[in-house]
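Have a look at the structure below before the remarks.
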Amino acid sequence: MVANEKDTSANQQRYRSVLKSSSIIGGSAFISIVIGMIRTKFVAVLLGPAGVGLMSMYTAMLAPVTTASNLGINASGVRAIAEASGQDDFNRIALVVKTLRLSVWFSGFFGCLITVALSSWLSSITFQNTDHAFSVAFLGITVLFANISIGQTCVLQGTRRILSVAKISVFGAVNGTVVSIPCFYLWGEAGIVPSLILTSFFALLTSWWFARKVVIADIEVSWAHAIAEAKKLLGFGLPIMATALQGVCVAYFLRLIIANQFGLAGVGVWSAAFAVSGILVNFVLNAMGTDYYPRLASVALNNALIEKEVNAQLEIALLLALPALLATVLFAPIGIELLYSGKFNDAIPILRWSVYGIFGRVISWPLSYIIIAQGRGKFFCAAELLANLAHVLLIYTCSKLWGLPGTGIGFMILYIYYFVFMVVTAHFIAKTHFSLGNLKLILNSIFLLVFASCMHIFIQNHFVYYANSFALSLVVIWVVLRRISRLTGVTLNGFKARFKR
Numbered sequence: 000m001v002a003n004e005k006d007t008s009a010n011q012q013r014y015r016s017v018l019k020s021s022s023i024i025g026g027s028a029f030i031s032i033v034i035g036m037i038r039t040k041f042v043a044v045l046l047g048p049a050g051v052g053l054m055s056m057y058t059a060m061l062a063p064v065t066t067a068s069n070l071g072i073n074a075s076g077v078r079a080i081a082e083a084s085g086q087d088d089f090n091r092i093a094l095v096v097k098t099l100r101l102s103v104w105f106s107g108f109f110g111c112l113i114t115v116a117l118s119s120w121l122s123s124i125t126f127q128n129t130d131h132a133f134s135v136a137f138l139g140i141t142v143l144f145a146n147i148s149i150g151q152t153c154v155l156q157g158t159r160r161i162l163s164v165a166k167i168s169v170f171g172a173v174n175g176t177v178v179s180i181p182c183f184y185l186w187g188e189a190g191i192v193p194s195l196i197l198t199s200f201f202a203l204l205t206s207w208w209f210a211r212k213v214v215i216a217d218i219e220v221s222w223a224h225a226i227a228e229a230k231k232l233l234g235f236g237l238p239i240m241a242t243a244l245q246g247v248c249v250a251y252f253l254r255l256i257i258a259n260q261f262g263l264a265g266v267g268v269w270s271a272a273f274a275v276s277g278i279l280v281n282f283v284l285n286a287m288g289t290d291y292y293p294r295l296a297s298v299a300l301n302n303a304l305i306e307k308e309v310n311a312q313l314e315i316a317l318l319l320a321l322p323a324l325l326a327t328v329l330f331a332p333i334g335i336e337l338l339y340s341g342k343f344n345d346a347i348p349i350l351r352w353s354v355y356g357i358f359g360r361v362i363s364w365p366l367s368y369i370i371i372a373q374g375r376g377k378f379f380c381a382a383e384l385l386a387n388l389a390h391v392l393l394i395y396t397c398s399k400l401w402g403l404p405g406t407g408i409g410f411m412i413l414y415i416y417y418f419v420f421m422v423v424t425a426h427f428i429a430k431t432h433f434s435l436g437n438l439k440l441i442l443n444s445i446f447l448l449v450f451a452s453c454m455h456i457f458i459q460n461h462f463v464y465y466a467n468s469f470a471l472s473l474v475v476i477w478v479v480l481r482r483i484s485r486l487t488g489v490t491l492n493g494f495k496a497r498f499k500r
């Protein structure tokens, strides 16, 4: 009896921990995304789909350079700091932090130089001309800013300063929006480059402000020790960098494919659809990388604890994401009109199909982090390579078959494959399986999403449709809150009391 009570209490504590971190990071990510969408709204209204497409192309083009120049030090740094923190090895923490801070300066400066040197080539590949070469060269400074900012955020992640990471996200988004909107208003399309530079600069300032508060042991780190530690970080970081590089390169290639078939306006519509599909659920995914990964890394050698952490993370993540995914399906037209404009209505079918891919991402990511937490960097790189190749092939094929809506269909098929692959992988490397409760939750969630997708087909009257959509959303939110309350042992009144405190 006592043992059962202890197990129940331990499980509730685990769920409370997951919920707390997801709420802090997720809430900040949600606010940041909403603020970012305000910025995008101005681009959409002032510049139209082509302006959104141009901004998306610039961002996607710079991402591979930023990722490659970082060399995966961010992921390996978080892992090393988290491990040292778990062992209370303060000298080791100081060594890693000082090495990390030095490394990101070198890597960022190198990335900046590469961007400037390759500006004409990048412009030719992206836009089929060199008209944007000068702008690309100027954007090289954002690579330096991004690398330094990432390094500072890694220190906060590794030491589990979750609230500080959350504040960086929010303040960075606010500052970026405040400085960007005047750029769009004053200079139109020419204001995109200054807005991106100013946004990255203020993100750097914000991350520095919070990272400077982290107190580390005052130890002398020689160049020999720093180089030796950097090699260790690179040993784990390079495979992770290769994997991340695949992802950002795929995002870039997908935009090239869409731009080739549908022009910059098509890229803008596609970007709008995926931005809206992620706006309500990315808070869950961001929480996984920020808190779940270090937590999983600390128990990476214990399969039983891994399974408990995975199931706890999955259940909370899916419960938080389900109302958001449902709302995205039900209120897609309103979301597009509110966040963009009527010129982006072609994004609605893409948005509704892509929700199923986002759902697949939510239920597969908790499994994929097992591979990274166990230090299987090369295997993770190979697995992601297969998924990324499949992504490009599916988007190319499906867009040829069904036009822009086909990009959403391809995204859905991708995550069906990815989910199955990760389930099999988790079984073989960590003997990890979903609990019966989670399997039921996944099936019920799929049923709800399919039901919601069918509603707009069979209910033609707009008033009846939105009335039923609103009622269904309220019921799902109530059920989700009750289940979270049962899992965490915190009543709904308890949530209010904690919030007031």
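Numbering (numbering that gives the first Met the number 0), first residue to last: 0 to 500. Just so you know, even glycine gets a beta-carbon here, dropped at the ideal spot from N, CA and C.
When DSSP states are grouped into helix, strand and coil, Thr125 belongs to the helix group. Annotation for Gln156: the continuous alpha helix (DSSP H) segment containing it runs Ala132 to Gly157. Classified as buried, His390 has 16 or more neighbouring CB atoms from the shown chains inside 10 Å of its CB. Distance from Ser84 to Thr158 at the Cβ level is roughly 6 Å; contact confirmed, criterion being Cβ atoms closer than 8 Å.
Per DSSP, Asn344 lies in no alpha helix (DSSP H) and is assigned neither H nor E.
Taking all protein chains in view, the Cβ of Val423 is surrounded by fewer than 16 other Cβ atoms within 10 Å, so the residue is classified as exposed. Between the region 124-136 and the region 145-161, the count of Cβ pairs shorter than 8 Å is below three; the stretches do not touch. Three or more Cβ pairs drawn from the region 443-460 and the region 349-359 lie within less than 8 Å of each other, which places the two stretches in contact.
Taking 7 Å as the cut-off, the Cβ atoms of Asn437 and Glu314 count as close. In this chain, His432 is not harboured by any alpha helix (DSSP H), its DSSP state being neither H nor E. For the pair of segments examined, the region 362-381 was found to touch the region 288-302: the number of CB pairs separated by less than 8 Å reaches three. If you draw a 10 Å sphere on the C-beta of Gln312, you find 16 or more other C-beta atoms in it, and that means buried. Of the residues Thr242, Phe105 and Ser221, the one whose Cα lies closest to the Cα of Gly71 is Thr242. In this model, Leu317 and His432 are separated by some 16 Å (Cα to Cα). Pairing Ile32 with Gly52, the inter-Cα distance amounts to about 18 Å.
In the structure shown, Asn443 falls within a helical segment according to DSSP collapsed to helix, strand and coil. Boundaries for Phe330: no alpha helix (DSSP H) harbours it, and the DSSP string shows neither H nor E there.
In this structure, DSSP gives Gly402 a state outside helix and strand, which the three-state scheme calls coil. For Val95, the enclosing alpha helix (DSSP H) has its first and last residue at Phe89 to Ala116. A direct Cα-to-Cα measurement between Ala229 and Trp364 gives close to 28 Å. Within 10 angstroms of the beta-carbon of Asn387 lie 16 or more other beta-carbons, which makes it buried. Per the coordinates, the alpha-carbon of Val213 lies some 16 Å from the alpha-carbon of Ile147. In this model, Trp120 and Met60 are separated by some 11 Å (Cα to Cα). In terms of Cβ geometry, Val247 and Pro63 form a close pair [threshold 7 Å].
C-alpha of Asn302 to C-alpha of Glu188: approximately 53 Å in a straight line. Using a Cβ distance threshold of 7 Å, Leu143 and Phe108 count as a contacting pair. In this chain, the alpha helix (DSSP H) harbouring Val169 covers Ile161 to Trp186.
In the three-state reduction of the DSSP assignment, Gly374 falls in the coil class, being assigned neither a helical nor a strand state.
A residue is called buried once 16 or more other Cβ atoms fall within 10 Å of its Cβ, and Gln86, having fewer, is exposed.
When the beta-carbon positions are compared, Leu197 and Val178 come within less than 7 Å of each other. One thing to note: Thr98 has its Cβ within 7 Å of the Cβ of Ala225. Excluding five sequence positions before and after Val268, the CB atoms of its chain that fall closer than 6 Å to its own CB belong to Pro48, Phe343, Asp345 and Ala346, given in chain order.
Around the beta carbon of Arg211, fewer than 16 other beta carbons lie within 10 angstroms, which makes this residue exposed. Between Gly139 and Val115, the gap from beta carbon to beta carbon is short of 7 Å. Rounded to the nearest whole angstrom, the C-alpha separation of Gln127 and Val192 is 19 Å. Note on the region 231-290: whole alpha helix (DSSP H) runs with a minimum of 4 residues are 281-286, in chain order.
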